[in-house]
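Undergrad: I have a structure here, written as structure tokens, and I will follow up with some questions on it.
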DNA sequence: TCGCATCGCTAATCCGATTTAGCAAAGGGA
DNA sequence: TCCCTTTGCTAAATCGGATTAGCGATGCGA
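Chains as they are written, first to last, in my numbering: chain G, 505 to 845; chain H, 505 to 845.
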């Protein structure tokens, strides 16, 4: 391979100074500790010529800080939605010269412990604990500086959390319909009509429902889906259409909406002419299906960014224990909503 | 926070031995260097009680090996397809006690250099250079042990490559139709009919075409798409249907196929009754659209795994310079192909 | 001319492990 | 009894930097 890396000792020798002096100049403490301008320039020039870059492992050992963050998720890393979360975290970290370790626990606590250990052993400066779906999680002890992403601590742990503002999202979805004149004949697919009619463990479902109902929108009915997949959306919408003639549908996510589209198509109903549809998530398919789906977006990228930024703020001691950061969910206006005729 | 980490010195003191002895026992070299069974047990017990875990940063500095791999991609990390690639790499790495640094270069060479430096400074043991779409890339100098994932080196660089076997995939797709009795009236959507009719820079398009044509399947015609997105698939299939009546379609990927489904639906043609459809990628939508799409899967998970495994093999000196590893693409038989009537 | 502060730089220590070289005690052969 | 091995363990060096303490030279006031 290439020749040995240039070390501080090499640099010092090339510049004709001690390692101490070289170190002081390179860390920018030269001024403060009275290194002459002349010597400083000499060292900087030598560093440039030799292409000196400090060995981060050594720095990590000496200073105890590695400019590294651990990102542990149950399975976020693989889900499409989560790619953007990682991307946001990655960019925010990079802006500050930090790198990210990624780990997936697959929901296995044993594995999670192992990952956390592996990261702590590598002296990460902080940890992001992320969840695939918004939910509550048990926080391991002695985790050090950490934030929860898309999750809330089950027994309060003092760690800050970053979550999407699902309640506001519910309000937004309802308002899109209200603004278009849909005050009644609105049905829910995926959950509802009451707060008890939700898939198990779905924080998103509950909060979206709360938001929707807060606006005062009259909900004519709703169908729960065990799982928010297209086939369930299809089945439940079919069942709904057997007895009812909705003028608008709020689908609890885009995959469910995709199924709903299929059912509406079968029934000879056009979107948005006969039925308006709003949804949640802004999954890629939302702009692939015809007509393109108006949906309230999960801000994955922004969630990832915020997690990193909150982590830095926390390390700087600027965060209240247990503080919850809600990231707003923007509406993507597309083609699936028409004014009520 | 918690109390200071347990160090080797703590362990040695607790066990009443020297740091050297403690280290020898913990690294398993005790036998070899004649540490008595008695002392060995004493150290192990103390380690267990104290919960001693060696500081990986220190080990990294001393031994020069950090049990860490750098994963740099143009933008893989965020694309859905790539999530699985990372997952595969993650799991293969974890099985050997390695962690992964993730970085995204966004195709910016400057950024890529920065990422590679950041990783080299952290003494990664090897690097995986990944690409979003299969393509050729210029390999930076002095990169150390590395493999290319979903990419081939432009000027031969001696680095091994891991790529999906697209030619075999083309053969597989064609054979699915041939086996169902479709020997003619088969059209291509997304590329073809000749090897010149492909989107720019698409290795996949060329190789899939080569594979398809090798089987001797009679291709009645083809429509290129500038970009393999649903809307182009829709437009090109519409255009095709204006003059022709295909009995089978090979779509160059699933998103194009999704557009083709829409066009076929508009034309009142049923899948697979009137027209059989095969495609490539096995994108999640392939099992969301109706009828479920028969497609030749990009083995993302397997690609990720292989990249890590080849990297280890390379570090062990078991890989030929420039060796190319082709990962086979399995057919997912679903509902979109029917026998030719 | 002496004492003291300031300037400009460096020697030595430390971070937490691994690894080399070697020391003291016990055992064995002549 | 003496010398040589072998056994069982440890002191010290090392990795590549950051940091603390301090040293010699110069300048300045009295």
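Glycine included, every Cβ here is placed at the ideal spot set by N, Cα and C.
Should residue 804(H) be labelled buried (16 or more other beta-carbon atoms within 10 Å of its own) or exposed?
TA: The sequence position of residue 804(H) within the second chain is 300, counting from 1. Burial call: buried.
Undergrad: Going residue by residue through the segment 549 to 591 of chain H, where are the continuous beta strand (DSSP E) segments of at least 3 residues, counting only ones entirely within it?
TA: You should have 572 to 577.
Undergrad: Report the neighbours of residue 700(H) on chain G: residues whose CB is nearer than 9 Å to its CB, in chain order.
TA: Here residue 700(H) refers to the residue found at position 196 when the second chain is read from its first residue. Here the premise fails: no neighbours, minimum Cβ distance about 29 Å.
Undergrad: Would you mind working out which of 815(H), 672(H), 564(H), 551(H) sits nearest residue 713(H), comparing C-alpha positions?
TA: The residue given as residue 713(H) occupies position 209 in the second chain. Checking every option, the nearest Cα to that of residue 713(H) belongs to 672(H).
Undergrad: So with CB distances below 9 Å, who are the chain H contacts of residue 608(G)?
TA: On the first chain, position 104 is the one that residue 608(G) refers to. In chain order: 590, 591, 594, 595, 598.
Undergrad: When the Cα of residue 652(G) is compared with those of 645(G), 641(G), 659(G), 646(G), which residue comes out closest?
TA: Numbered from its first residue, the first chain carries residue 652(G) at position 148. For residue 652(G), the nearest C-alpha among the options comes from 641(G).
Undergrad: How about the segment 787 to 798 of chain G and the segment 752 to 768 of chain G: do they share at least three Cβ pairs that are nearer than 8 Å?
TA: Because the criterion of three Cβ pairs below 8 Å is met, the segment 787 to 798 of chain G and the segment 752 to 768 of chain G touch.
Undergrad: From the DSSP output, which residues share a beta bridge with residue 829(G)?
TA: For the purposes of this step, residue 829(G) is taken as residue 325 along the first chain, with counting starting at 1. 666(G).
Undergrad: Looking at chain H, which residues of the segment 540 to 573 of chain G have a Cβ within less than 8 Å of any of its Cβ atoms?
TA: Answer set for the segment 540 to 573 of chain G: 557, 558, 559, 560, 561, 562, 564, 565, 570, 572.
Undergrad: Quick one: does residue 732(G) have its CB under 7 Å from some CB of chain H?
TA: On the first chain, position 228 is the one that residue 732(G) refers to. Chain H contact via Cβ: absent.
Undergrad: Sort out for me which residues DSSP pairs residue 608(G) with in a bridge.
TA: Stepping through the first chain from its first residue, residue 608(G) is reached at position 104. Residue 608(G) is bridged to 577(G).
Undergrad: Whose CA, out of 670(H), 645(H), 669(H), lies closest to the CA of residue 659(H)?
TA: In the second chain, residue 659(H) corresponds to position 155, counting from 1. The shortest Cα separation from residue 659(H) among 670(H), 645(H), 669(H) belongs to 645(H).
Undergrad: Return no unless some Cβ of chain G is closer than 7 Å to the Cβ of residue 506(H).
TA: For this step, residue 506(H) is matched to residue 2 along the second chain. Because residue 506(H) sits at a pLDDT of 47, beneath the cut-off of 50, its placement in the model cannot be relied upon, and the following sentence gives the value as read from the coordinates. For residue 506(H), the answer is yes, since a Cβ of chain G falls inside 7 Å of its Cβ.
Undergrad: Who does residue 783(H) pair with in a DSSP beta bridge?
TA: Along the second chain, read from residue 1 onward, the residue named residue 783(H) stands at position 279. Its beta-bridge partners are 799(H).
Undergrad: I need the straight-line Cα distance from residue 830(H) to residue 606(G), nearest angstrom please.
TA: If you number the second chain from 1, residue 830(H) lands on position 326. If you number the first chain from 1, residue 606(G) lands on position 102. Looking at the two C-alpha atoms, the distance is approximately 26 Å.
Undergrad: When you compare the segment 662 to 670 of chain H with the segment 721 to 730 of chain H, are there three or more beta-carbon pairs, one atom per stretch, that lie closer than 8 Å?
TA: Contact between the segment 662 to 670 of chain H and the segment 721 to 730 of chain H is absent, because fewer than three Cβ pairs lie under 8 Å.
Undergrad: Is residue 737(G) close to chain H, meaning its C-beta is less than 7 Å from at least one C-beta of that chain?
TA: Stepping through the first chain from its first residue, residue 737(G) is reached at position 233. So no, residue 737(G) is outside the interface.
Undergrad: So what does DSSP say about residue 524(G), is it helix, strand or coil?
TA: As a first step, residue 524(G) is located in the first chain; it is residue number 20 there, counting from the start. Three-state DSSP puts residue 524(G) in a helix.
Undergrad: May I ask you to report which of helix, strand or coil DSSP gives residue 775(H)?
TA: Working through the second chain from its first residue, we reach residue 775(H) at position 271. Note: residue 775(H) maps to coil in three-state DSSP.
Undergrad: Using the C-alpha atoms, what's the distance from residue 708(G) back to residue 515(G)?
TA: Locating residue 515(G) in the first chain gives position 11, where the first residue counts as 1. Locating residue 708(G) in the first chain gives position 204, where the first residue counts as 1. The alpha-carbon atoms of residue 515(G) and residue 708(G) are separated by roughly 56 Å.
Undergrad: Given this structure, state the Cα-to-Cα distance separating residue 542(H) from residue 817(H), to the nearest angstrom.
TA: Here residue 542(H) refers to the residue found at position 38 when the second chain is read from its first residue. Here residue 817(H) refers to the residue found at position 313 when the second chain is read from its first residue. Answer to the nearest angstrom: the Cα atoms are 38 Å apart.
Undergrad: With a cut-off of 7 Å, does the C-beta of residue 625(H) fall near any C-beta of chain G?
TA: As a working note, residue 625(H) is residue 121 in the second chain. Yes, its Cβ sits closer than 7 Å to a Cβ of chain G.
Undergrad: Got a sec? Which residues, its chain only, sit under 8 Å from residue 728(G) by beta carbon, not counting five neighbours each side?
TA: Looking up residue 728(G) in the first chain gives position 224. The answer, listed in chain order, is 694, 695, 696, 701, 702, 703, 740.
Undergrad: Would you kindly work out how many angstroms separate the C-alpha atoms of residue 608(G) and residue 615(G), rounded to a whole number?
TA: Here residue 608(G) refers to the residue found at position 104 of the first chain. Here residue 615(G) refers to the residue found at position 111 of the first chain. Straight-line Cα distance between these residues: approximately 8 Å.
Undergrad: Can you name the start and end residues of the alpha helix (DSSP H) that residue 809(H) belongs to?
TA: If you number the second chain from 1, residue 809(H) lands on position 305. Note, residue 809(H): alpha helix (DSSP H), 804 to 819.
Undergrad: Say whether chain H places a C-beta atom closer than 7 Å to the C-beta of residue 587(G).
TA: As a working mapping, residue 587(G) is identified with position 83 in the first chain. With 7 Å as the cut-off, residue 587(G) counts as an interface residue toward chain H.
Undergrad: Whose Cβ in chain G lies nearer than 8 Å to the Cβ of residue 759(H)?
TA: Counting from one through the second chain, the residue named residue 759(H) turns up at place 255. The contacting residues are 792.
Undergrad: Rounded to whole angstroms, what is the Cα-Cα separation between residue 556(G) and residue 649(H)?
TA: As a first step, residue 556(G) is located in the first chain; it is residue number 52 there, counting from the start. As a first step, residue 649(H) is located in the second chain; it is residue number 145 there, counting from the start. Approximately 21 Å between the Cα atoms of the pair.
Undergrad: Find out if the Cβ-Cβ distance for the pair residue 847(G), residue 564(G) is shorter than 7 Å.
TA: The question about residue 847(G) has no answer here: the residues shown for chain G are numbered 505 through 845.
Undergrad: Check the Cβ of residue 631(H) against every Cβ in chain G and list those closer than 9 Å, keeping chain order.
TA: Along the second chain, one-based indexing puts residue 631(H) at 127. Residues of chain G passing the Cβ test: none, with the nearest at roughly 12 Å.
Undergrad: List the endpoints of the continuous alpha helix (DSSP H) containing residue 760(H).
TA: As a working note, residue 760(H) is residue 256 in the second chain. It spans 758 to 770 - the alpha helix (DSSP H) in which residue 760(H) sits, taken as one unbroken run.
Undergrad: DSSP on residue 657(H), reduced to helix/strand/coil?
TA: Residue mapping note: residue 657(H) aligns to position 153 of the second chain, counting from 1. Correct three-state label for residue 657(H): strand.
Undergrad: Grab me the residues of residue 635(H)'s own chain with a C-beta within less than 8 Å of its C-beta, minus the 5 sequence neighbours each way, in chain order.
TA: Against the second chain, residue 635(H) aligns to sequence position 131. 577, 578, 580, 641, 652, 653, 654, 655, listed in sequence order.
Undergrad: Cβ of residue 685(H) within 7 Å of Cβ of residue 838(H)?
TA: Here residue 685(H) refers to the residue found at position 181 when the second chain is read from its first residue. Here residue 838(H) refers to the residue found at position 334 when the second chain is read from its first residue. Taking 7 Å as the Cβ cut-off, residue 685(H) and residue 838(H) do not qualify as a contacting pair.
Undergrad: Taking C-alpha atoms, which residue in 682(G), 604(G), 711(G), 690(G) lies nearest to residue 637(G)?
TA: Against the first chain, residue 637(G) aligns to sequence position 133. The shortest Cα separation from residue 637(G) among 682(G), 604(G), 711(G), 690(G) belongs to 711(G).
Undergrad: Residue 762(G) touches chain H at which residues, Cβ-Cβ below 9 Å?
TA: For the purposes of this step, residue 762(G) is identified with residue 258 of the first chain, where counting begins at 1. The answer, in chain order, is 789, 792, 793.
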